[in-house]
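The structure appears right after this line, and notes come after that.
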């Protein structure tokens, strides 16, 4: 999963999910812009079900990183109780000031008390990347996880994976049913982690989904979804378009930082090329994208940038 940072200072702005189709059949407390990713994916119990929850929705992020923080902020605005883990006291304090209940977590030596806290949440998203030579750090302690989460309030488990599991397909279209063929050790570790989180979800009898994320800027209880836009493009094309936008707004800025950018791009090396389909995401989860193309997404970023660095 690539994360590309565009240099600049941004005003505070909110992510909008107003274009997401709602499912009128969901209970009221479950009807929010997030249910294309949560309820529609999971077949969760309704509020009126005696065996279901009667408390607020509670999300726990195992790994409050870049993606998780944006999602967590939006959930909090919708009235969710949001908790998560991080690995440093500085980060814990920063996220705590944002209103999140944070816990220090060392995946190599997890505190049983932190894992115990997870069981009192209704939803868990795992956003910890694999480590070469180790694999998924949290799954080193699978049995501890399983025993800690048994007989709790948890209804839904999600693992954030990457489209890198498809490997290099020479620009061909791929969807969730396409055979995986990871071309790197990290991509292979992602695929192994997917299978192990699905297995853990089965053991816990949870609705479990895998979301395969591209580059960042329904029936059954287990499902894999590609989380990408409608306009797959090579990284070089995206970088070129971003450069043009920056050059138009701040002439000469690209030339000043060209050597640094080329250095950063060069270090990335060649990535597996494929065009990833999001048809299942839109059909089964009812998602309508705010920015269907990287072009409109990058243009929106540029429009909100106050100045270049």
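In this note's numbering, the protein residues as written are 965 to 1273. Here a beta-carbon is modelled for each residue, glycine too, at the ideal position from N, C-alpha and C.
Asked: What separation, rounded to the nearest whole angstrom, lies between the Cα atoms of residue 1266 and residue 1156?; Found: 38 Å
Asked: By a C-beta neighbour count over all protein chains shown, 10 Å radius and 16 as the cutoff for buried, is residue 1087 buried or exposed?; Found: buried
Asked: According to DSSP, is residue 1046 helix, strand or coil?; Found: strand
Asked: Taking the C-alpha atoms as reference points, what is the distance between residue 1034 and residue 1046?; Found: 12 Å
Asked: Could you tell me the boundaries of the alpha helix (DSSP H) in which residue 1081 lies?; Found: 1076-1082
Asked: Ignoring anything shorter than 3 residues, give me the beta strand (DSSP E) runs that lie fully in the stretch 1111-1158, in order along the chain.; Found: 1120-1126
Asked: At which residues does the beta strand (DSSP E) containing residue 1173 begin and terminate?; Found: 1171-1177
Asked: Could you round the C-beta distance between residue 1085 and residue 1028 to whole angstroms and report it? I think they count as a contact, below 8 Å.; Found: Wrong, their Cβ atoms sit about 13 Å apart, outside the cutoff.
Asked: Using a 10 Å radius around the Cβ and a threshold of 16 neighbouring Cβ atoms, would you call residue 1077 buried or exposed?; Found: exposed
Asked: From the DSSP output, which residues share a beta bridge with residue 1087?; Found: 1023 and 1120
Asked: Identify, in the order they occur along the chain, each residue of the same chain with its Cβ nearer than 8 Å to the Cβ of residue 1064, setting aside the five sequence neighbours on each side.; Found: 1028, 1036, 1040, 1046, 1047 and 1048
Asked: For residue 1068, which residues does DSSP report across the bridge?; Found: 1050
Asked: For residue 1093 and residue 1103, I'd like the C-alpha separation in whole angstroms.; Found: 11 Å
Asked: Buried or exposed: residue 1098, going by 16 or more other Cβ atoms within 10 Å of its Cβ?; Found: exposed
Asked: For residue 1151 versus residue 1131, is the C-beta spacing smaller than 8 Å?; Found: yes
Asked: Provide the residue span of the alpha helix (DSSP H) that contains residue 1033, from first to last.; Found: 1030-1041
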